[in-house]
Ligand code: MSP
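Residue numbers (this note's numbering): 4 to 654.
Next up, the structure:
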């Protein structure tokens, strides 16, 4: 039978910074959905990738002294490693530097230009380089970029524009007629009321100030600017514009674009308009999920609160991390990451509920039935609740996944796990085991537990694939089959169980928190040290150019310090007496933090000898002595001319 296609995408990631636990959410969520769809019989195309062009990447590469492609190659390899670590099983990884993507974007741009949707004009605006965004005055927050809070610069350039306004009414109507198109509902209203209804501005779609981008074929100065390049990936990955449109025919329109709420505007306005202009159907659903926040705020390197997914996986295993992400980011809203909540959740849900259910069940089958799952022969009414809950779960979980409500899907599965644990307390197998006549009833209870665990294992496999495999090994389950969940009889009596290690060993919360805190402090120290190092490399901008005549106005002379003392109530200043070829001069200098008076006596230094005398703190200062210092004055050294006769000129 021909399988129904299902196409799900994640955003393509910028290869500019190291990905944190928040970034990994979209892709882990998409992976769980894609796996669930495969499990339920769909032919899935799960696309992810990297968004590699732009001025920021070009600048970073230039700073590193390498080519942009070398820079992105390295980072993209790291992104792929991260997805491997997170057990993300994508079908295709697109890079916007892939030749087929570049060629297709060029064709798209040309087509839109030829049909009059793109036109040439010029742009003057306030530009934020890190965000690669132009802003209007009114969009700025405290005069700075509303997204990242950094300064913006006025920028003017020739550019191509996309006539967004031409399609606005059609898009408004489309959104109104398709209530599922933008999800969750609240985000749909935000897009309609804040952006579409007030009127759309045309979008700047090319740049000339950098060249790390897809070149515009008919105007070589220009490269395609960010969103046409990035958004097209969803169709170029299917071969759009390549001449072979087999995958387009099968998978387009996408079933869902899963994205973070910050890029909703681009996906629900620019992208549908681009597709309308290309005469292509619109994706069925665009889902903007909430953000994973730390201590109530965004993760940022400078705040030192970036949570590293690799550290978490190394400490707790990948499925613990997947579980937390998928269960704790509420449907459509922001979620919080907190080490303590995370560890407690592992202990309660994964260790106590799931882990113990498996270990108790397997242990009892070993103890009472020599490790062989018995046949269910003596049914009692008390079994019905568990069996019915199990039989209802697959449809309920499927519905929740179709609604993209992953926390709900996990809640349903864990309700079944909780019910099975309760069933052990209700049926008290250890008491049944004492009575030989109740052996068959005991066998039924254990069968029901094994079968409930099989349901849990199949249902949980898209979310926690590794854990599902471990359950299968211990319970002798050989096939993960969704259809087999139609009956509560999929476990073959006689199957041998294999006791294994506990799924999620109990974690000592306080000890682990201390360890994580120590690790964080260490990482912070390393980040600070790196920042310091980078800061040191940064130089204050040079002053305006001067001529040799300008310089020759300054008379620099070698002098010797003959006396020195502090100045009362001016703890930064020292009063020096210097000898200038027999003439004694008094100089006040702000070097008390770095030199003691006794260290200076006898030292040769350089004096700006023709500086107009001034009074500092009531003391006459006849010149200034030269010192080299860091910008913040934390390190300062007097310029040492060597022991030349005093009065010698420094040129
Ligand atoms: N390159 C663009 C997307 C282009 S798609 C045609 C981009 N890349 S990104 O690397 O900055 O972001 C990738 C994803 O991570 C986005 O969905 C973004 O919303 C998501 N997240 C970034 N920080 C996040 C959290 N703290 N929490 C959850 N998701 C967050 O945007």
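Beta carbons are placed, not taken as given, at the ideal position from N, Cα and C, and that holds for glycine.
As the structure is a computational prediction, the values presented were derived from the model and not from experiment.
- DSSP lists 12 and 289 as the beta-bridge partner residues of residue 260.
- For residue 327, the Cβ stays outside the 7 Å cut-off from all heavy atoms of the ligand MSP.
- If you draw a straight line from the Cα of residue 354 to the Cα of residue 251, it is about 44 Å long.
- Counting along the chain, residue 251 sits inside the alpha helix (DSSP H) bounded by residues 249-254.
- Burial check for residue 518: the Cβ neighbour count within 10 Å stays below 16, so the residue is exposed.
- Within its own chain, the residues whose Cβ lies closer than 8 Å to the Cβ of residue 130, once the five positions on either side in sequence are excluded, are 136, 137, 138, 155, 156, 157 and 158, listed in chain order.
- Here the alpha carbon of residue 561 sits roughly 9 Å from the alpha carbon of residue 611.
- Excluding residues up to 5 positions away in sequence, 579, 581, 603, 604 and 606 lie with their Cβ nearer than 6 Å to the Cβ of residue 564 in the same chain.
- In this structure, residue 239 lies away from residue 33, with their beta-carbon atoms at least 8 Å apart.
- Put simply, of 302, 271, 474 and 345 the residue whose alpha carbon is nearest the alpha carbon of residue 363 is 474.
- With respect to the C-alpha of residue 216, the residue from 170, 228 and 206 having the closest C-alpha is 228.
- Among the bridge pairs identified by DSSP, residue 211 is matched with none.
- Contact between residue 48 and residue 10 holds, since their C-beta atoms are separated by about 5 Å, short of 8 Å.
- In this model, residue 595 and residue 569 are separated by some 8 Å (Cα to Cα).
- For a cut-off of 8 Å, the C-beta gap from residue 446 to residue 377 is around 3 Å, short enough to register as a contact.
- Contact check for residue 584 and residue 650: beta-carbon distance about 3 Å, within the 8 Å limit, so the pair qualifies.
- Residue 26 has its CB nearer than 7 Å to a heavy atom of the ligand MSP.
- Proximity of the beta carbon of residue 236 to the ligand MSP is indicated: a heavy atom of the ligand is located closer than 7 Å.
- Considered as a whole, the stretch 465-511 harbours no complete run of any beta strand (DSSP E) with no fewer than 3 residues.
- By the Cβ-count criterion, residue 40 is buried, with 16 or more other Cβ atoms from all chains shown falling within 10 Å of its own Cβ.
- As DSSP reads the structure, residue 62 sits in no beta bridge.
- Shortest Cα-Cα distance from residue 510 to any of 443, 381, 170 and 345 involves 345.
- According to DSSP, residue pairing for residue 628 in a beta bridge involves 610.
- Within the same chain, Cβ atoms closer than 7 Å to the Cβ of residue 640 are found at 630 and 631, the five residues on either side in sequence being excluded.
- Distances taken from the Cβ of residue 302 to the heavy atoms of the ligand MSP include one shorter than 7 Å.
- Of the residues assessed, residue 386 falls on the buried side of the cut-off, its CB having 16 or more other CB atoms within 10 angstroms.
- Judged by their CB atoms, residue 466 and residue 326 are nearer to each other than the 8 Å cut-off.
- Annotated three-state conformation of residue 567 is strand, per DSSP.
- Beta-bridge analysis with DSSP links residue 154 to 147.
- Bridge partners of residue 198 according to DSSP: none are assigned.
- Rounded to the nearest angstrom, the gap between the Cα atoms of residue 417 and residue 459 is 8 Å.
- Excluding sequence positions up to five before and after residue 71, its CB lies within less than 6 Å of the CB of 60, 61, 64 and 215, all in the same chain and listed in chain order.
- In this structure, residue 403 sits near residue 411, with a CB-CB distance shorter than 8 Å.
- Between the stretch 364-372 and the stretch 432-452, the count of C-beta pairs closer than 8 Å reaches three or more; the two stretches touch.
- With three or more CB-CB distances shorter than 8 Å, the stretch 287-299 counts as touching the stretch 331-346.
- Spanning the alpha carbons of residue 491 and residue 330 requires a straight line of approximately 26 Å.
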